[in-house]
Amino acid sequence: MERQHALRWLNATCDNINGKSVFAEKIELILEHLWAETANFTAVESMYDEPALFGVTDGKAVSTYFEHKFTFHLMERYRFGAGNSANGIDLLSLNVDIKVTSIRQPQSSCPDKSALQKIYGLGYHLIVFVYEKTDDPDARTGRLNMLHTIFVDKHRTADFQMTRGLRQIIENDGNADDIVAFIQDKNLPVDEIEARNIVEAVLHEPPLQGYLTISNALQWRARLSHRRAPWTAWNGCADDGRRKEQNVLQFGDFQTSLDLARDVCAVLTRRGISPGAIVEPTCGQGAFLQAAAEHFTAARHMLGVEINAAHVMDARLRLKNAARVEQDDFFSVDWDALLASDPGP
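Using my numbering, you'd call the opening residue of the sequence shown number 84 and step up by one each time.
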């Protein structure tokens with residue numbers, strides 16, 4: 084709706100350019116496209132030296148950098164529904180969540196919502212990127228060598244040991260009592276009623292073999308293919324989710340897509356606008372500043388102001404040296420005029 088509304092706004096405020104829409108058509112993102120783009124993106128990323136990553140040891144910061152860069156890569160080429168902190172899934176229209184972890188210092192995963200997910204899976208697909216980070220002290224750059232990229236189908240996101248044991252019981256003609264004893268032996272955090280419901284479900288529909296390791300605290304970790312080498316769980320993601328929710332409530336979190344920002348800048352460029360200085364008072368993650376840097380190369384100064392500290396970090400990683408981004412509040416500044424396009428329908 085944001086893109087459609089912006090198109091109406093542009094058509095109402097700017098002359099039609101040769102009678103054609105300025106918006107480039109994109110194809111809908113499907114899983115086959117995602118797999119192909121993942122292979123291409125990781126191959127290029129493994130050769131890319133990034134100054135903004137030099138000396139960065141915070142795994143969460145590296146993960147945020149990579150996830151956002153990969154998502155922006157997809158947004159430039161495809162149409163898809165992105166996720167948010169409320170639903171916790173990065174590529175919502177594909178039902179795919181992205182996880183990025185270091186081979187040396189693995190991150191943690193969000194806890195599962197129910198014990199049943201340990202048997203029947205998370206309910207969404209996973210795409211997991213495993214990297215090894217190196218720094219070049221002479222060039223002062225960092226590089227992410229992508230070691231593994233694994234797509235786990237949602238039906239295979241259950242616990243490896245739990246599903247293997249239950250499947251063996253079924254294959255050996257076990258009964259309900261055998262399943263109850265197995266669940267109790269594994270200390271699955273369920274009461275008697277939940278245990279009986281699980282037994283009925285397993286007898287009626289035996290689970291597929293899962294490829295994650297899910298602890299009884301309902302946090303998961305992945306296993307590398309058939310070698311079953313465990314990854315350490317992504318700890319702390321639940322706290323990060325609450326922080327993101329707080330950011331949305333406190334600051335608002337409407338983000339303009341990069342392709343829309345580029346389209347707006349393209350209209351202004353074609354109308355002969357060439358600013359010498361550019362200020363974005365609520366720059367968010369820097370989409371408009373990035374688009375402006377691409378279109379208005381003659382601009383001598385570019386400044387972004389953003390109140391949300393997490394977005395400031397994202398924007399700085401995204402923009403590199405193209406613009407200065409500061410964390411501040413612009414409401415105390417006197418402005419001659421502020422123009423905005425309502426993101427509503």
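Heads up, the beta-carbon is just placed ideally off N, CA and C, and yes, glycines get one too. All values reported here derive from a predicted model rather than from experimental measurement.
Query	Result
Contacting residues, own chain, Cβ-Cβ under 8 angstroms from H151 (five flanking each side not counted)	Q368, D397, L400, R401
DSSP beta-bridge partners of R239	None; R239 has no bridge partner.
Sufficient close CB pairs (3 or more, under 8 angstroms) joining the segment 248 to 264 to the segment 212 to 220	no
Identified DSSP bridge partners for Y214	S185, M229
Coil, strand or helix - V331 by DSSP	Here the model assigns V331 a pLDDT of 36, short of 50, so the residue's position is not dependable, and the following value carries that caveat. Helix at V331.
Beta-ladder partner(s) of F234, from DSSP	I210
Option nearest F149 by Cα separation, candidates G164, G166, R162, T121	T121
Where Y161 falls: helix, strand or coil (DSSP)	strand
DSSP-derived helix/strand/coil call for D173	coil
Minimum C-alpha distance to T232 - residue among G387, T184, D132, G355	T184
Beta-carbon proximity check, Y161 vs H208, cutoff 8 angstroms	no
Where H309 falls, given that 16 or more other Cβ within 10 Å makes a residue buried	Confidence in H309 is poor, its pLDDT being 36 and thus under 50, which makes the residue's placement too unreliable to answer from.
Option in R407, N280, R354 with minimal Cα separation from A360	R407
Runs of alpha helix (DSSP H) lying entirely within the segment 134 to 158, each at least 4 residues, in chain order	142 to 158
Exposure of K109, with buried meaning 16 or more beta-carbon neighbours within 10 Å	exposed
Integer Cβ distance of D342 from M158, believed to fall under 8 angstroms	6 angstroms
T296 to P272 span [Cα, whole Å]	15 angstroms
Buried or exposed (CB count within 10 angstroms, at least 16 for buried), P313	Caution applies to P313, whose pLDDT of 32 falls short of 50 and renders its modelled position unreliable; the model cannot decide the point.
Cβ separation of F154 and A165, assumed to be a contact under 8 angstroms, to the nearest whole Å	Note that residue 154 is Thr in the sequence shown here, rather than Phe. Rounded, the Cβ-Cβ distance is 7 angstroms, consistent with contact.
DSSP state of V388 mapped onto helix, strand, coil	strand
Uninterrupted alpha helix (DSSP H) stretches inside the segment 257 to 303 (no shorter than 4 residues)	259 to 268, 275 to 287
With 16 other Cβ atoms within 10 Å as the buried cut-off, status of D80	For residue 80 there is no data in the structure shown, the boundaries of the chain being 84 and 428.
Distance CB(A376)-CB(A349) smaller than 8 angstroms	no
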